[in-house]
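Chemist:
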Amino acid sequence: MKKFSKTLSIMLCFLMLFGTVVSASTADSAWTYKNYSGTGHTSDRLKERSGNVYCYPTSGGSVYVTVQKMSNQSAAYSKKVKLKRGTRYTIINSTGANCYVRLKFNSVNVDSTVNSGKWSSDASTNYTVVG
8 MKKFSKTLSI MLCFLMLFGT VVSASTADSA WTYKNYSGTG HTSDRLKERS GNVYCYPTSG
68 GSVYVTVQKM SNQSAAYSKK VKLKRGTRYT IINSTGANCY VRLKFNSVNV DSTVNSGKWS
128 SDASTNYTVV G
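The sequence shown begins at 8 in our numbering and counts up by one.
(1) Bridge partners for Thr97 per DSSP, in chain order?
(2) Whether or not the segment 93–101 and the segment 33–45 are in contact is what I'm after, with contact meaning three or more pairs of Cβ atoms, one per stretch, closer than 8 Å; do they touch?
(3) Helix, strand or coil, according to DSSP, for Ser66 in the structure here?
(4) Where does the unbroken beta strand (DSSP E) through Ala37 begin, and where does it stop?
(5) Check Ser44 in the structure and name its three-state DSSP category.
(6) Would you call the CB atoms of Lys91 and Ser119 closer than 7 Å?
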């Protein structure tokens, strides 16, 4: 038993020194939006720190995106920005920290295109900055 405890202690120390911790708010979540629905939105996510939102459209066409704060869904906390497929974006917003946010989508063209991609409520890197 003593050997097991020592091994476990060594493993925990190793993880603490070399492990990578990913915040839940910086992990990517998938989203899908159908152009013919007019508007749509992602699921709500906790924004742990003040700062920007990350969005990466991976398929479909261009789409308009706005960051919304869940305590006031009628207000926009970013400019309405046009995002193109294949480009990683950092969206400037004024939501603050410790709140729930989501992305609201609007169609550029109302057609049968299905857009999809990834997003996180706390951007960990600056990409193409919009907003």
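Using N, Cα and C, we set each Cβ at its ideal position, and we do this for glycine too.
Modeler: Inspection of the coordinates gives the following:
(1) Answer is Tyr61 and Val136.
(2) No contact exists between the segment 33–45 and the segment 93–101.
(3) Collapsing the DSSP output to three states places Ser66 in a strand.
(4) Element bounds for Ala37: Ser36 to Lys41.
(5) DSSP places Ser44 in the helix class (H, G or I) of the three-state scheme.
(6) It is not a contact, given that the beta carbons lie outside the stated cut-off.
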